[in-house]
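The structure under discussion appears below in the form of structure tokens.
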Amino acid sequence: MEALTPTNAGTVQPIAFGNNRVAAPKNVGGSLKVASFNVQNYFTQTGDMNNSCQFYNDREGNRIAVRTGCDQRGAANAENLKRQQDKIVAGINASGADVLSLEEVENSAKFNKDRDAALATLVAALNVGTPGPGTMSAPRGTSRHCR
Numbered sequence: 392m393e394a395l396t397p398t399n400a401g402t403v404q405p406i407a408f409g410n411n412r413v414a415a416p417k418n419v420g421g422s423l424k425v426a427s428f429n430v431q432n433y434f435t436q437t438g439d440m441n442n443s444c445q446f447y448n449d450r451e452g453n454r455i456a457v458r459t460g461c462d463q464r465g466a467a468n469a470e471n472l473k474r475q476q477d478k479i480v481a482g483i484n485a486s487g488a489d490v491l492s493l494e495e496v497e498n499s500a501k502f503n504k505d506r507d508a509a510l511a512t513l514v515a516a517l518n519v520g521t522p523g524p525g526t527m528s529a530p531r532g533t534s535r536h537c538r
């Protein structure tokens, strides 16, 4: 193996890099809107369910969110979960997305529930007040990574 230097770069490198991008994407028709939304540790298992959780507090000393010490993330209790969920639902509904990717959703299997229980809770909240059943849905068997 030969070390790469400015002198031998033209012959030693196995590939060449260049700009092969087109000026604009090809028009494929349609108007599908795709979005990505970080839900900031949407965990339906709240911190008050585990005595080892440590919390972030507001100015009055009220527990707001889990800081460390346990497997839970996100809201400290049901009241803060509701506040978080309401903000997420409003943001997703305002996006107008046809397809949506979510980040930082609880892997409920870690808490001995169906893997997608938290996701199902969020989908149900999104469907409250929307016209027709099943307006929002989550595909089963999707690729997920969660701590």
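Per my numbering, the sequence shown starts with residue 392, numbered consecutively.
Note that CB positions come from ideal geometry on N, CA and C, so glycine has one too.
In this text the structure is predicted, and so the values were computed from the model without any measurement.
Query                                                                                           : Result
Member of ASP507, SER427, LEU395 whose CA lies at the smallest distance from the CA of ASN484   : SER427
With 16 other Cβ atoms within 10 Å as the buried cut-off, status of GLY401                      : exposed
Complete runs of the beta strand (DSSP E) confined to the stretch 406–459 [at least 3 residues] : 425–433, 445–448, 454–459
Beta strand (DSSP E) segment containing VAL519, residue limits                                  : Taken as a continuous stretch (DSSP letters only), VAL519 belongs to no beta strand (DSSP E), as it is neither H nor E.
Secondary structure of SER492, DSSP reduced to three states                                     : strand
Segment limits, alpha helix (DSSP H) that includes ARG474                                       : 469–486
Three-state secondary structure assigned by DSSP to ALA511                                      : helix
Span separating the alpha-carbon of LEU513 from that of VAL480                                  : 8 Å
Span separating the alpha-carbon of GLU495 from that of SER443                                  : 21 Å
Boundaries of the alpha helix (DSSP H) in which ALA400 is found, first to last residue          : 400–403
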